[in-house]
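Below: the structure, in structure tokens.
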Amino acid sequence: MRLSSLLTAVCVCLGAGIATPGHAQTPAKKPATAVPLPGKPTAPAKATPGTAASRPASATAKPTTPAAKPAPKPVPTAATTAPRPATPKPTGPPLPANLGSPDPNVRYRNGKTLLDQTRYELAMQELEPLTAPTGKFAKAPEAAYLYAVAASRAKKWAEAEQMLNLLRNEYPQWPNLAEAFFLQGQLSFEQGDFDNALRVLTQLPADRLVTERENMKALYLPRIKDRATFQSLLKTYPQEAALGRAYADKLANGGWYTEADKPQLEQLISQFRLEAARYTPRPRPARKSTYNIGVLLPFEFDDTSWEKRRKNQFVTDLYAGLRLAQDSLQREGHPVQLFAYDTGADTLQLKQVLALPELATMDLIVGPVYKSGSKILARYAQQHQIAVVNPLSQDGDLVLDNPWHYLFEPSTATQARQAAQFAASRLGGPRTAVVLYEDTKDEAAFGQAYKQAYEALGGKVLQLRRINSDVQESLAAALSDVDLKSVGHLVVASDGKGAGPYVLSALKLQAARTPLITYASWLENNRISLGQLDARDIYFVHPKFLDKTNPGVRRFRQLYLQRQNLPPSVFAFTGFELLYYFGNVLHQNGAAFQQQLANGGPVSGAVFQGIGYPGGTHDNQYVPLTKLERLEVEVLNPVGFR
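Going by the working numbering, the first residue of the sequence shown is number -14, and it counts up by one from there.
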């Protein structure tokens, strides 16, 4: 394996491989016709803003699908209920022979093979003993570099940085040291330390990795989320062209521009010879008396089967919530017009909708719900400079480099960071943790983000372990060597039905009172009693918590029952909160509201606990942390509480 080719692979892997997949529904296969109106599933009508035919059906229309059954209430059960067996997963290519061999050359070859197989932790185990200078291994510098690559791909930032420091300090004459500086720069970028990343990259020889360096800067610098960071970096690196271009693009095309920015933007265009037409900001739209909002959802009215309607109940509920918010905004003197478009379940129909000229006249777009469509709409939003809000996804990567794309939900990584901050500030005892995460991409992202955030706050994650909650042996292996009495707290990132009963049983077996942080779905696990959850210090990551005593929640429920003759689902609440919040944002700030959102903090929601996008973030940064007290769920970090 040549280091140059490996370097390219590292750049591609880290640059594109930091996804936190969202909880999008599995798309159906059959598309529906384009642009019908909800509530009128038979004859589709082409939507044209400003015409009566384009407006959605009345909010009083009842859903045509039966209501989904509510989740069963938790009932007391034994914590030791055996989980159902799961089908074993493929094990992948065969492992190299002689793992842990005393022959360093064998271990080195094994490490490279494991790296190619994406078995990063095993690669680290093979390579680490070869890196020590005392071992006198001829390829120790190469082993150290490959170890750092494996650690970075596993997102074990601390281990990767430690090894790169050893490489630079102990092997300063290694001819490929430039690759180590390059990787160090990328690690800093990944962790949001832009100043250190640029400082490290300046230490590379001027003629080494020039193109790769510029590509890296072009990828990461647009991820800076606030003006203050840009201004500070420009003072430190005034000749950095990639930095100047990224800031100019934020000003001209990212919704940041104000008249006060005009002198600096003109200076950046002149200094870095930027194309004036591309970096000339569009006129900021004036505030209007009413705003047009496109709603792009997979209504799929062509398929009227009961199965399809049942599956799409969440879409009907979401849209019904939007319509109730429209009514509320109208009564408060903040009118918005909704224009509904059926995107179907495939990207072809979505592309047909995006080709409609009137869509480019919208002030805001809500949707879609499937990940493939979200990526297409995100590009459309950036090209046309129209803000888009995804109502359901928790995939932070969708909004990573796009100033016009927002998630209504907190991303998986944001949920982990907020939970880690809560643990660091509110939990007593040792500042140590053991983190278990389900064997899925989402939960792996949660676990990694939790570890990074908690350790940045001074804590220490002793173990970060993957589990399969459907296999009891996996749960047993994860906790077999953990002294739960001595750990500061335990984190279990799993919605699996088997995880809760087993973990509670393990805590009881060790007579441990260790605090536990987990998902709110445990409250709906009928294999765990509420009494079990109440009896311990268990804290729930609860982004969709609804306080039934809240006047807004009670009022919405009453109105929804009157209109739809069925109780509202969480999707109905989501539609209402989304439009009520962003409808008010439009009336307060106009359609280019990015900077105003960045300057504010989370605020209390109309029905949910809070919503906000401070510091230039594009996923909701408020995540309720709750706890059962006397069998009632209480919020421990209300909006405004520090």
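Ideal Cβ placement from N, Cα and C applies to all residues, glycine included.
Within the continuous beta strand (DSSP E) that includes His603, where are the two ends? In the DSSP annotation of this structure, His603 is not part of any beta strand (DSSP E), being labelled neither H nor E.
Ordered list of alpha helix (DSSP H) runs contained in the region 421 to 465, each at least 4 residues: 426 to 441 and 457 to 464
Is it true that the CB of Gln579 sits closer than 8 Å to the CB of Gly240? Their beta carbons are under 8 Å apart, which means Gly240 touches Gln579 by this criterion.
For Asp494, does the count of other Cβ atoms within 10 angstroms reach 16, so buried, or fall short, so exposed? According to the sequence as given, residue 494 is Leu; it is not Asp. Burial call: exposed.
What does DSSP give as the partner residues of Thr187 in its beta bridges? In the DSSP output, where bridge partners are listed per residue, Thr187 has none listed.
CB contact flag (Leu99, Pro81, <8 Å): Cβ distance < 8 Å, so Leu99 and Pro81 count as in contact.
Can you grab the Cα-Cα spacing for the pair Ser506 / Pro283, in whole Å? 26 Å
Leu206 vs Leu189 beta-carbon contact at 8 Å: no
Could you say which of Phe407, Tyr435, Ala557 and Ala430 lies nearest to Val419 if we only look at CA atoms? Tyr435
Only counting the same chain, and skipping five residues up and downstream in sequence, which positions put a Cβ closer than 8 Å to that of Leu383? Gly7, Lys356, Ser359, Lys360, Ala363, Asn375, His390 and Leu392
Tell me the rounded alpha-carbon separation between Glu394 and Val91. Roughly 48 Å between the two C-alpha positions.
Which term fits Asn584, buried or exposed, when burial requires 16 or more other beta carbons within 10 angstroms of its beta carbon? Flag for Asn584 reads exposed.
With distance defined between alpha-carbon atoms, name the residue in Arg402, Ser471 and Gln171 nearest to Arg138. It is Gln171 whose Cα lies nearest to the Cα of Arg138.
Are the beta-carbon atoms belonging to Tyr422 and Ala478 less than 8 Å from one another? yes
Three-state secondary structure (DSSP) at Leu280? Contrary to the premise, residue 280 reads as Val rather than Leu in this sequence. Three-state result, Val280: strand.
Could you tell me which uninterrupted beta strand (DSSP E) segments, each at least 3 residues in length, are contained entirely in the region 275 to 348, listed from first to last along the chain? Runs of beta strand (DSSP E) with 3 or more residues, each lying fully within the region 275 to 348, are found at 276 to 282 and 321 to 327, listed in chain order.
Can you give me the Cβ contacts of Asn535 inside the same chain, cut-off strictly under 8 Å, excluding the 5 residues immediately before and after it? Hits under 8 Å: Val592.
Would DSSP call Pro623 helix, strand or coil? coil
C-alpha distance - Leu219 paired with Gln252, whole-angstrom precision: 12 Å
Ordered along the chain, which non-local residues of its own chain (more than five positions away) have a Cβ less than 6 Å from that of Gln448? Val419
Where Ile502 falls: helix, strand or coil (DSSP): strand
Per DSSP, what kind of secondary structure is His369 in: helix, strand or coil? helix
Figure out for me which residue from Gly481, Lys124 and Pro79 has the closest Cα to the Cα of Tyr93. If you compare the alpha carbons of Gly481, Lys124 and Pro79 with that of Tyr93, the shortest gap goes to Lys124.
Can you give the Cα-Cα distance for Val488 and Val456, rounded to whole angstroms? Cα to Cα, Val488 sits roughly 13 Å from Val456.
Does the Cβ of Ala325 have 16 or more other Cβ atoms within 10 Å, making it buried, or fewer, making it exposed? buried
Residue nearest to Phe558 in terms of C-alpha spacing, selected from Ala405, Leu152 and Ala310: Ala310
Look at the alpha carbon of Ser178 and the alpha carbon of Leu84, and state the distance between them as a whole number of angstroms. In the sequence as displayed, the identity of residue 178 is Asp instead of Ser. Going from the Cα of Asp178 to the Cα of Leu84 covers about 36 Å.
Opposing strand residues paired with Glu617 [DSSP bridges]: Glu614
Tyr524 (DSSP reduced to helix, strand or coil): strand
CB of Pro587 within 8 Å of CB of Gly597, strictly: With a cutoff of 8 Å on beta-carbon distance, Pro587 and Gly597 are scored as near each other.
Just confirm the distance between the C-beta atoms of Leu515 and Leu613, as a whole number of angstroms; I'd bet it's less than 8 Å. Contact flag correct, Cβ pair sits at about 7 Å.
Tell me the DSSP secondary structure of Ala630 in three-state form. Residue 630 falls outside the range modelled here, since the chain spans only -14 to 627, and no answer is possible.
Taking the beta carbon of Ala9 as the centre, do at least 16 other beta carbons fall within 10 Å, making it buried, or is it exposed? With a pLDDT of only 34 at Ala9, under the threshold of 50, the placement of this residue in the model should not be trusted; the figure read from the coordinates follows. It counts as buried.
Asp180 burial status per 10 Å Cβ neighbour count (16 or more: buried): By the beta-carbon neighbour count (other beta carbons within 10 angstroms, threshold 16), Asp180 is exposed.
Within its chain, find whatever has a CB closer than 7 Å to the CB of Arg542; leave out the 5 residues flanking it on each side and keep chain order. Pro552 and Pro553
Taking the alpha carbon of Arg548 as the point to measure from, which residue in Gln256, Phe299, Ala576 and Ala305 has its own alpha carbon closest? Ala305
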